Structures are given as structure tokens and as C-alpha cells.
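Since the structure comes first, as C-alpha cells, the remarks are kept for the end.
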Amino acid sequence: MIYLQIFWAFFISGILGYGGGPASIPLIEKEVVDRYGWFTVHEFSEMIALGNALPGPIATKMAGYIGFEQAGILGAIVGVFASVAPSLILMLGLLSILMRHKESPRVKRMTVVVRPIIAVLLGMMTYDFFFTAYEGIGWIQTLVIGAISYMLLGKLNVHPAYVIAGALVYGAIFLG
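Take a look at the structure:
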């Protein structure tokens, strides 16, 4: 029964929490504090403070923590799944619609318009990252990390996760 309660608490807040994690927090609080009584208001506020200190989406961190506190590892899995399930279902539904109409001239025109916009947004993000890194660690370190990453990703087809892990190790050794 507890797994079903965990699922519904986060599934409902995931459906109604339009606007991301901050919009979901009051809905999650309503479920876990008022409806089920799993946490006090004080405990809930401490959990939010801790969750905001960690990287990643706040709603899934809260779902994992609350699920774990109430029902262990399986509870955490159920909570995280329930918090992402509404988005997952919607994306699968929209993807099926898009795949059905992928040969449509309208969809093709939309794709032609969207691709350059995505390229520009990614270029702007890269530019911002480069200058943030340059200001933080200097141009030599930025150039070394950029060149090594380019070689690994572009020429040797190394998985991005390994490149990111390698950059973290490089930063810990040479910049730490």
C-alpha cells in the first residue's frame, strides 16, 4: 500500500506541477505533510534546503528521498519514477504523434526552422561556457581541456560520460 501512496503523491504533483520543480514543491508538501503525514513542516523545509544544495532537479531528489525514507530503495525508485512518469507519458504521446506525421510538409518545415535555432542556442551556450572557464581557470587550461575533449569526442568517438569524468579528474589533479 505504501508504494501506491508514494506513487500517487508524486504522480499527482508531477501532473499538476506545471513549471518544474519550484511549482511542484507546494504540491509535494500538500501530499507528504498534510495528506500522508510522512513529514512535519519543519522536516519538509529542511529537506528542501538540502535538496537545493545538491545538483539536479529538486522534484526528483525529493521523490527519491521521501520514497527512501518511507519504503527503502524500492520506495525511492517508485517515487522517482512517479515524478518523471507524467513527462515521460506526455513525451511518448507527442513522439508517437510526431512519428505518425513525420512525412507531413508542416512537420518538415518545422524541423527546418527548429534546427538552426537549436544550433544557435548550443553555440551561445558553448560561448558562455568557454568564457566562464577562461575567467575561472585561464586560457591555457581551457585550451588544453577543450582540445583534449575535441580529440576524444570528435576524432576517437569516446563516449561523452568518459570525457566528462576525465575532465573532472584533470581538474581535480591540475586545478584542485
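Note that my numbering numbers the sequence shown so that position 141 is 128, with each residue one more than the last. We put the CB at the ideal spot given by N, CA and C, even for glycine. Keep in mind it's a predicted model, so treat the numbers as computed, not measured.
Quiz item: How many angstroms separate the CA atom of T119 from the CA atom of W25?
Solution: 42 Å
Practice problem: Round the Cβ separation of S136 and V150 to the nearest angstrom and send it over; I've been treating them as touching at under 8 Å. | Solution: 5 Å
Quiz prompt | Boundaries (first-last residue) of the alpha helix (DSSP H) holding M49 | solution = 45 to 87
Quiz prompt | Simplified DSSP state of S91, which is helix, strand or coil | solution = coil
Quiz item: Can you name, in chain order, every residue of its own chain whose Cβ lies under 7 Å from the Cβ of G66, other than the five neighbours on each side?
Solution: I(-7), F(-3), A50, G51, I53, G54
Quiz item: How would you call S83, buried or exposed, if buried means at least 16 neighbouring beta carbons within 10 angstroms?
Solution: exposed
Self-check item: Any 3 or more C-beta pairs closer than 8 Å across the region 36 to 44 and the region 100 to 111
Solution: no
Quiz prompt | C-beta contact flag for G1 and A69 at 8 Å | solution = yes
Practice problem: May I ask which residues mark the beginning and end of the alpha helix (DSSP H) holding H146? | Solution: Here H146 belongs to no alpha helix (DSSP H), and DSSP marks it neither H nor E.
Quiz item: Using a Cβ-Cβ cut-off of 6 Å (strictly less than) and excluding sequence neighbours within five positions of G80, which residues of its own chain qualify?
Solution: none
Quiz item: When you compare only the Cα positions, how much space is there between L140 and G110?
Solution: 17 Å
Quiz item: Quick one: Cα of G123 to Cα of P42, how far?
Solution: 20 Å
Quiz item: How big is the Cα-Cα spacing for A159 and T113?
Solution: 22 Å
Quiz item: In terms of alpha-carbon separation, which member of I(-11), F161, D21 lies closest to G59?
Solution: I(-11)
Self-check item: Check whether V19 and V28 have beta carbons under 8 Å apart
Solution: no
Exercise. Could you tell me if the beta carbon of V20 falls within a distance shorter than 7 Å of some heavy atom in the ligand NAD?
Key: Among the ligands in the structure shown, none appear at all, so the ligand NAD cannot be discussed.
Practice problem: Whole angstroms is fine: what's the gap from L61's alpha carbon to F116's? | Solution: 38 Å
Quiz item: If we count the other Cβ atoms within 10 Å of its Cβ and call it buried at 16 or more, is E16 buried or exposed?
Solution: buried
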